[in-house]
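Have a look at the structure below, then the notes.
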Amino acid sequence: MKIHTSHAKAAEEFVKDEERTHWHDETLWHVREKRDLAAHKLPEWEILRDNASRIKDYVLSHLDELLIQFEKKALANGVEVLWARDGKEHNEHVLRILQENNIQHIVKSKSILTEECGLNHFLEDKGYDVVDTDLGERIIQFVKQPPSHIVMPAIHLKKQDIGNIFHQHIGTKEGADDPKYLAEAARNHLRDKFIKADAAITGVNFGIAETGGFVVCTNEGNADMGTHLADIHIACMGIEKLIPRAADLGVFLRLLARSATGQSITTYSSHFHRPMPGRKMYIILVDNKRTEQLGREDFRNSLKCIRCGACMNTCPIYRRSGGYSYQSTVPGPIGSILSPGLDLNKHSSLPFASTLCGSCTNVCPVKINIHEQLYKWRQVIAKQGPPDRTKKMAMKIAGATLSKPSLYDFFGSMARKALMVTPDSLVYSSLNVWGKQRDLPDPPKESFKAWYKKNRLKK
Ligand code: SF4
Numbered sequence: 020m021k022i023h024t025s026h027a028k029a030a031e032e033f034v035k036d037e038e039r040t041h042w043h044d045e046t047l048w049h050v051r052e053k054r055d056l057a058a059h060k061l062p063e064w065e066i067l068r069d070n071a072s073r074i075k076d077y078v079l080s081h082l083d084e085l086l087i088q089f090e091k092k093a094l095a096n097g098v099e100v101l102w103a104r105d106g107k108e109h110n111e112h113v114l115r116i117l118q119e120n121n122i123q124h125i126v127k128s129k130s131i132l133t134e135e136c137g138l139n140h141f142l143e144d145k146g147y148d149v150v151d152t153d154l155g156e157r158i159i160q161f162v163k164q165p166p167s168h169i170v171m172p173a174i175h176l177k178k179q180d181i182g183n184i185f186h187q188h189i190g191t192k193e194g195a196d197d198p199k200y201l202a203e204a205a206r207n208h209l210r211d212k213f214i215k216a217d218a219a220i221t222g223v224n225f226g227i228a229e230t231g232g233f234v235v236c237t238n239e240g241n242a243d244m245g246t247h248l249a250d251i252h253i254a255c256m257g258i259e260k261l262i263p264r265a266a267d268l269g270v271f272l273r274l275l276a277r278s279a280t281g282q283s284i285t286t287y288s289s290h291f292h293r294p295m296p297g298r299k300m301y302i303i304l305v306d307n308k309r310t311e312q313l314g315r316e317d318f319r320n321s322l323k324c325i326r327c328g329a330c331m332n333t334c335p336i337y338r339r340s341g342g343y344s345y346q347s348t349v350p351g352p353i354g355s356i357l358s359p360g361l362d363l364n365k366h367s368s369l370p371f372a373s374t375l376c377g378s379c380t381n382v383c384p385v386k387i388n389i390h391e392q393l394y395k396w397r398q399v400i401a402k403q404g405p406p407d408r409t410k411k412m413a414m415k416i417a418g419a420t421l422s423k424p425s426l427y428d429f430f431g432s433m434a435r436k437a438l439m440v441t442p443d444s445l446v447y448s449s450l451n452v453w454g455k456q457r458d459l460p461d462p463p464k465e466s467f468k469a470w471y472k473k474n475r476l477k478k
């Protein structure tokens with residue numbers, strides 16, 4: 020069995036830079052605070068969350084019917100609908116569309132699904148140049164990095180980093196890091212790509228079964244720019260992104276932006292129904308193990324996720340360990356539920372990357388019981404996951420010691436004496452993983468039991 024890098028090990032790289040770790044923590048907490056302000060302004064916030072949760076419950080229990088309804092309506096609208104079992108099939112559909120339509124230039128707006136399917140690498144290997152048009156995505160595309168957050172893909176980079184990247188790739192002034200100047204330079208750089216593009220790829224935030232239409236939300240208008248200028252629009256949609264009726268959109272659009280960034284509404288919520296005359300529109304419906312997750316009773320409602328990122332912004336582990344430590348397309352608390360379903364062996368450390376404080380569950384706009392599902396994955400992993408021999412041995416010794424008071428007293432007294440004389444270089448050696456980030460308190464002279472007997476029982 021292949022040994023994979025654990026979350027804790029992968030986080031070492033990020034936490035090495037203390038200053039950046041604090042900055043990342045504070046930046047995301049600021050987004051969480053903005054979300055709180057926006058949510059508290061709506062007296063009906065909890066009703067909206069309840070409604071969203073119930074609508075998504077309905078979707079998950081009627082997914083088969085709703086997908087067929089969506090397909091029928093979309094076909095009637097003149098959209099070509101394709102189904103993909105997994106990422107490979109999805110990528111092959113995209114390639115076939117590009118080849119059939121003699122496409123040379125492609126622009127793409129933010130789509131976590133295409134990241135999940137590895138579309139950019141696949142197309143680049145076939146000789147295509149795919150230009151990501153979301154500003155954050157374009158920044159990380161220049162340095163060949165994946166997104167570190169599902170809403171703010173370059174949140175791990177400071178404006179100085181971005182200034183350097185733009186200087187190298189689009190020729191901005193050396194050392195310039197004024198966000199307005201950099202955004203203007205990016206706009207000019209991307210405009211040329213939009214004008215040349217003959218195909219635009221987008222994700223889908225909500226597919227509407229009732230109408231066969233779909234909605235794409237962006238703050239930069241890049242999805243609209245791409246799809247209005249190019250002749251071909253390819254929309255890539257996870258099968259769980261459905262909602263039953265157009266009227267349900269009001270619930271989700273009000274929750275999405277407030278939860279994601281604290282805005283009242285996303286700047287552009289663009290509705291697509293049919294191709295413009297003389298143009299083509301495709302929708303690829305992707306499963307990629309979503310139906311397997313649907314079949315796992317304890318984890319199925321993780322598919323309600325609308326990818327707002329709020330659980331990441333509030334998570335004390337995500338904020339302090341960065342998105343890359345999760346080694347998965349969707350990081351943070353919800354990613355730690357979804358990723359083990361994709362590859363249990365590779366992602367078995369993720370459900371343990373949580374304090375189980377429940378903050379993620381509290382902010383989730385669709386009321387997913389995230390921390391409870393993380394706890395459930397731990398139980399599954401203890402039974403079916405890769406064996407962690409060190410932890411199992413430690414638990415056995417701890418279990419034996421804690422079940423015998425005399426043994427507990429003996430080891431406690433030995434440990435106190437040993438800690439008083441052991442040099443720090445030994446206590447905090449590489450064998451003590453726990454001590455890497457923490458200091459032990461000074462050992463007390465006596466145990467609590469002894470202190471209690473002396474100070475309380477004699478009275
Ligand atoms: S699990 Fe909830 S909070 Fe996290 S990204 Fe999904 S919808 Fe947002």
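According to this note's numbering, the sequence shown is numbered sequentially starting from 20.
A virtual CB, placed ideally from N, CA and C, is assigned to each residue, including glycine.
Taking C-beta separations shorter than 6 Å and ignoring five residues to either side along the sequence, the partners of Ser358 in its chain run Ser347, His366, Leu369, following chain order.
Separation of the CB atoms of Thr221 and Ser130 is rounded to 6 Å, and the pair is thereby assigned contact status at 8 Å. Between the beta-carbon of Glu135 and that of Gly106 there is about 6 Å, and that keeps the pair under the 8 Å contact cut. The Cβ neighbour count for Gly342, taken over all protein chains shown within 10 Å, is at least 16; the residue is labelled buried. Closest in C-alpha terms to Pro294, from the list Lys21, Glu99, His41, comes Glu99. Runs of the alpha helix (DSSP H) spanning 4 or more residues and lying entirely within the region 190–228 occur at 198–215, in chain order.
DSSP places Tyr301 inside the beta strand (DSSP E), whose first and last residues are 299–305. Linking Pro463 to Leu375 through their CA atoms gives a straight-line distance of about 30 Å. Going by C-alpha positions, Leu393 is about 22 Å away from Ala279. Distance between Lys215 and Gln187, taken at the CA atoms: about 23 Å. Taking a 10 Å sphere around the C-beta of His43, we find 16 or more other C-beta atoms and assign the residue as buried.
Taking C-beta atoms as the reference points, Gln312 and Leu363 fail to come closer than 9 Å. The secondary-structure analysis by DSSP pairs Ser289 across a beta bridge with Val235.
Per the DSSP secondary-structure output, Ile251 pairs in a beta bridge with Ala218, Lys299.
For the set Thr152, Val399, His290, Val34, the Cα lying nearest the Cα of Ile356 is the one of Val399. Residues Ile125, Lys127, Asn139, Leu142 of the same chain have their beta carbon placed closer than 6 Å to that of Val149, with the five preceding and five following residues left out of the count. The C-beta separation of Ile189 from His208 comes to about 5 Å, placing the pair in contact by the 8 Å criterion. Relative to the ligand SF4, Gly328 has its C-beta within less than 8 Å of a heavy atom. When rounded, the separation of the alpha-carbon atoms in Tyr447 and Leu67 is 50 Å. The Cβ atoms of Val305 and Ala103 lie closer than 9 Å to each other.
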